[in-house]
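These protein sequence lines map, in sequence, to chains A and B.
The numbering used here applies: residue 299 is where the first sequence begins, and numbers increase by one.
The numbering used here applies: residue 299 is where the second sequence begins, and numbers increase by one.
Have a look at the structure below before the remarks.
2 protein chains.
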Amino acid sequence: MERPIRIKDIAEAAGVSTGTVDRVIHGRGNVSPAKRAKVLEVMRALDYKPNIIASALAYNKNFRIGVLLPDPEIDPYWQAPYSGVTYALESVRHYGVTVQFYLFDLFKAETFVEQYEKLLADAPDAILFSPLFLKESKALLAKSSALGIPNVMVNTYIENSDSLSYIGPDSYQSGVLAARLLNFGLNNHATVIILNLAKGSTNAQHLLQKEQGFRDYYANFNSGSTTVVKYDFEDFDKEELMEGFMEEIFGKHPDLDGIFVTNSRAFRVVESISGEAAKRLKIVGFDLMKKNLDYLQTGEVDFIINQNSVQQGYWGIMTLFNHFILKQKVEKIQNLPLDIVVLENYSYYLRKEKSFQLAI
Amino acid sequence: MERPIRIKDIAEAAGVSTGTVDRVIHGRGNVSPAKRAKVLEVMRALDYKPNIIASALAYNKNFRIGVLLPDPEIDPYWQAPYSGVTYALESVRHYGVTVQFYLFDLFKAETFVEQYEKLLADAPDAILFSPLFLKESKALLAKSSALGIPNVMVNTYIENSDSLSYIGPDSYQSGVLAARLLNFGLNNHATVIILNLAKGSTNAQHLLQKEQGFRDYYANFNSGSTTVVKYDFEDFDKEELMEGFMEEIFGKHPDLDGIFVTNSRAFRVVESISGEAAKRLKIVGFDLMKKNLDYLQTGEVDFIINQNSVQQGYWGIMTLFNHFILKQKVEKIQNLPLDIVVLENYSYYLRKEKSFQLAI
DNA sequence: AAAGATCTTGTGTTCGCACACAGTTTGTGA
DNA sequence: TCACAAACTGTGTGCGAACACAAGATCTTT
């Protein structure tokens, strides 16, 4: 239970001053090769591990992160990543990390541009954003790259970007998993639909990947005996239109067995059809929205895949922190767990989202 | 982006010295009511939040935790909580937290006693342990209580203890979940068995709770049309005996449909029966042991419920840290998530276990 | 060999807070 | 009114590391 080794201990053991040890540790140069070697040797011999507490206190610099996300007021899904950012901030603000939010309307690409212009004008040290609009996001990536501002992406992935990291689900795999779950208890020769309830302007790439994963599951495991049809519908937020659309679906597929809703809006499907229909159908959707959980409890939704969207925000900030403050290596792709949520275990996931460890 | 408020700022604003502010913050007394009120008012007005970094550095005290767990060499399951403890330690050692391990043989109650005697003799500041032996654990609880040493329990719950916290699964609920999973794809009038592969000496209470949860699921949702039978078998580690036992089971239940293995030893079942039998049967077990995952991939095991046993160790240490160093309130019961693990999502959980956030 | 440039090294201050200690004020009793 | 205790308050030091600065050592150049 001996005391941890300090810089001072190394300095004494190596017969130099703490300043020299410091220069060796940080590679600041201006140290004679002989002393440098001696210090390194002593460091290894004593197994020196820096006290990050003291280090952080002395470091005493600011690190400003610009966060570009959809406004949670407009789409409740985005409350989750937003909360994750604020949780993370709670942990790292003592290290001088600050966050400035720039919220846009996820249904309007032009607000995305407006907000990133503001963000860039404020010249933050790093950017966390969700590339919901493909073209505009590439423009942002190019500009921030030119300005030398590093970034992390959450929720939606863009290939070949020079981002420090992507934090979010593996969309393809989430589609495979959804197919597996939907397929439980369905007989052969079933009919299932893939339902994209999204507006056209959004970056639809991850929806396509989900679809591909879903189809591939059936191709690989179910050898084509199941009919899979895809539909897109934009007016999911208009009650009557949505009901009409679902009626149309039932008309076209009287033998429908299951629905895979590719985003957090499974509850909209349940709201637009009768309770009996919902219970007969197998419905699989994403994310722990309040309404989704309500319908999980009534048995109208069968499975929810939790994409851990709170953690997107949390790990987004933490990744920047780990990289720039703690100088740790970070993974370029951080796929978050895909939790299978049913009636019997949903409460744990609700709780988990609120109990992050504070990284003091 | 203004600088955070420091004690010094409060002192200046309140017209007192930093010492007085310090006394108010820590309730050390010896402060006139007037100044005390003034300081509190200023603190609230400026929304003071202490810099825990600096606080931790200055606090500079040791906190020794005695950890009493089964030897991972004897049963591989226990590698997980053990790792969790060392991960947590990595995070909190800078705060002067140290850990001393006391490992016992989970098949021998007397080694549990030996080790806790040693532990108590070393007079740690707190204890983390797993109450695998009921009687002996109650004795330990009584002694540590008498000595005024606080404790947290992991993995197995003992009711009415004065422990600071329990961290582990809700055994009853894990049984319910297991039944739900096993019941997927099984027809009515199925036969399933509950299989306890454990030695008699161990605290079997949580196995009973799992059994109860399992039975209750069938009672509530399946209205009795499924036959549920329970078996205990102690010699699971002896190859021939185990094979003989499984043959006996098949003899008694030629129409067997599913097996619920109540602990981490589902792989022992698969190893003791033919591959075809394993694929035909639905098998549900616990924990991400290497061999369980192998059989998940071959389709011989159908579902694994992840009890997050690494996190038991992690949160065990963190709970003590939060309570005694950070002076935070902690929950008396912390039930860890019950993750449903299938082929399509197991990799995330393996990864998760290795990516704890360092709580600097 | 002297002057200057360059490289090397040690010392001292700072970060925000905890706590010891000394100093000041107020209260009490004779 | 004085002595002394008790209650209060301010100052100073240390936690371990980061970094600025100055001083010392070595090397060039003429």
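Glycine residues also receive a C-beta, built at the ideal position from the N, C-alpha and C atoms.
Exposure label - residue i; buried when at least 16 CB within 10 Å
{"i": "F410/B", "result": "buried"}
{"i": "K588/A", "result": "exposed"}
{"i": "Y375/A", "result": "buried"}
{"i": "K536/A", "result": "exposed"}
{"i": "Q626/B", "result": "exposed"}
{"i": "V527/B", "result": "exposed"}
{"i": "A240/A", "result": "Outside the shown range of chain A, which is 299 to 658, sits residue 240/A, and nothing can be said about it."}
{"i": "N494/B", "result": "buried"}
{"i": "I638/B", "result": "buried"}
{"i": "F402/B", "result": "buried"}
{"i": "Y455/B", "result": "buried"}
{"i": "S523/A", "result": "exposed"}
{"i": "F519/B", "result": "exposed"}
{"i": "T596/B", "result": "exposed"}
{"i": "G466/A", "result": "buried"}
{"i": "N486/B", "result": "exposed"}
{"i": "A488/A", "result": "buried"}
{"i": "E538/B", "result": "exposed"}
{"i": "E509/B", "result": "buried"}
{"i": "D460/B", "result": "exposed"}
Cβ pair residue i, residue j closer than 8 Å
{"i": "L614/A", "j": "V383/A", "result": "This sequence places Gly at residue 614/A; Leu is not what is there. Yes, the pair counts as a contact, with Cβ atoms nearer than the cut-off."}
{"i": "I350/A", "j": "H551/B", "result": "no"}
{"i": "L254/B", "j": "L641/B", "result": "The question about residue 254/B has no answer here: the residues shown for chain B are numbered 299 through 658."}
{"i": "I425/B", "j": "I491/B", "result": "no"}
{"i": "F361/A", "j": "G394/A", "result": "yes"}
{"i": "V319/B", "j": "I303/B", "result": "no"}
{"i": "L591/B", "j": "Y644/B", "result": "yes"}
{"i": "F601/A", "j": "R563/A", "result": "no"}
{"i": "L430/B", "j": "L404/B", "result": "yes"}
{"i": "N606/A", "j": "L648/A", "result": "no"}
{"i": "Q610/A", "j": "N458/A", "result": "no"}
{"i": "K580/A", "j": "G483/A", "result": "yes"}
{"i": "E546/B", "j": "G498/B", "result": "no"}
{"i": "F584/A", "j": "I571/A", "result": "no"}
{"i": "Y414/A", "j": "L445/A", "result": "no"}
{"i": "Y357/B", "j": "Y612/B", "result": "no"}
{"i": "L480/A", "j": "V582/A", "result": "yes"}
{"i": "I372/B", "j": "V397/B", "result": "no"}
{"i": "N561/B", "j": "A502/B", "result": "no"}
{"i": "V608/A", "j": "P379/A", "result": "yes"}
{"i": "L719/B", "j": "Y400/B", "result": "In the structure as shown, chain B starts at 299 and stops at 658, and residue 719/B therefore has no counterpart that could be examined."}
{"i": "L280/B", "j": "T617/B", "result": "Absent from the model: residue 280/B. The displayed extent of chain B is 299 to 658, so no value can be given."}
In DSSP terms, what residue i is bridged to
{"i": "V527/B", "result": "I491/B"}
{"i": "R566/B", "result": "According to DSSP, which records beta bridges pairwise, R566/B is partnered with nothing at all."}
{"i": "A424/A", "result": "I363/A"}
{"i": "S459/B", "result": "Per DSSP, none; premise fails for S459/B."}
{"i": "G556/A", "result": "V490/A, K580/A"}
{"i": "N633/B", "result": "G466/B"}
{"i": "Q398/B", "result": "G364/B"}
{"i": "I350/B", "result": "BP columns for I350/B are empty, so no partner."}
{"i": "N449/A", "result": "I425/A"}
{"i": "V383/A", "result": "DSSP, once it has assigned bridges, lists no residue as partnering V383/A."}
{"i": "N604/B", "result": "D637/B"}
Cβ-heavy atom distance, residue i to the ligand ADP, below 7 Å
{"i": "S572/A", "result": "The ligand ADP is not among the ligands present in this structure, which contains no ligands whatsoever."}
Contact between the stretch 467-477 of chain A and the stretch 512-531 of chain A: three or more CB pairs below 8 Å?
yes
Decide yes or no for the touch test of the stretch 620-638 of chain B against the stretch 617-630 of chain A: beta carbon pairs closer than 8 Å, at least 3 of them.
no
Evaluate the contact criterion for the stretch 363-370 of chain A versus the stretch 335-347 of chain A: three or more CB pairs, one atom per stretch, below 8 Å.
no
What residues in the stretch 326-355 of chain A have a beta carbon less than 8 Å from any beta carbon of chain B?
The stretch 326-355 of chain A vs chain B, Cβ under 8 Å: N349, I350, I351, A352, A354, L355.
Using a Cβ cut-off of 8 Å, which residues of the stretch 448-476 of chain A contact any Cβ in chain B, in chain order?
Those residues of the stretch 448-476 of chain A that come within reach of chain B (Cβ to Cβ, closer than 8 Å) are Q471, V474, L475.
Residues in the stretch 591-602 of chain A with C-beta within 8 Å of chain B's C-beta atoms, listed in sequence order?
Along the stretch 591-602 of chain A, none of the residues has a CB nearer than 8 Å to a CB of chain B.
For the stretch 626-643 of chain B, which residues have a CB atom closer than 9 Å to at least one CB atom of chain A, in sequence order?
Q626, E629, Q632, N633, L634, P635, L636, D637, I638, V639, V640, L641, E642, N643
If you measure beta-carbon to beta-carbon, which residues of the stretch 530-560 of chain A are closer than 8 Å to chain B?
none
In chain order, what residues of the stretch 478-510 of chain B put their CB closer than 7 Å to some CB of chain A?
R478, F482, G483
What residues from the stretch 602-622 of chain B come within 7 Å of chain A, judged by C-beta to C-beta, listed N to C?
M616
Name the residues in the stretch 376-387 of chain A whose C-beta lies less than 8 Å from a C-beta of chain B; which are they?
none
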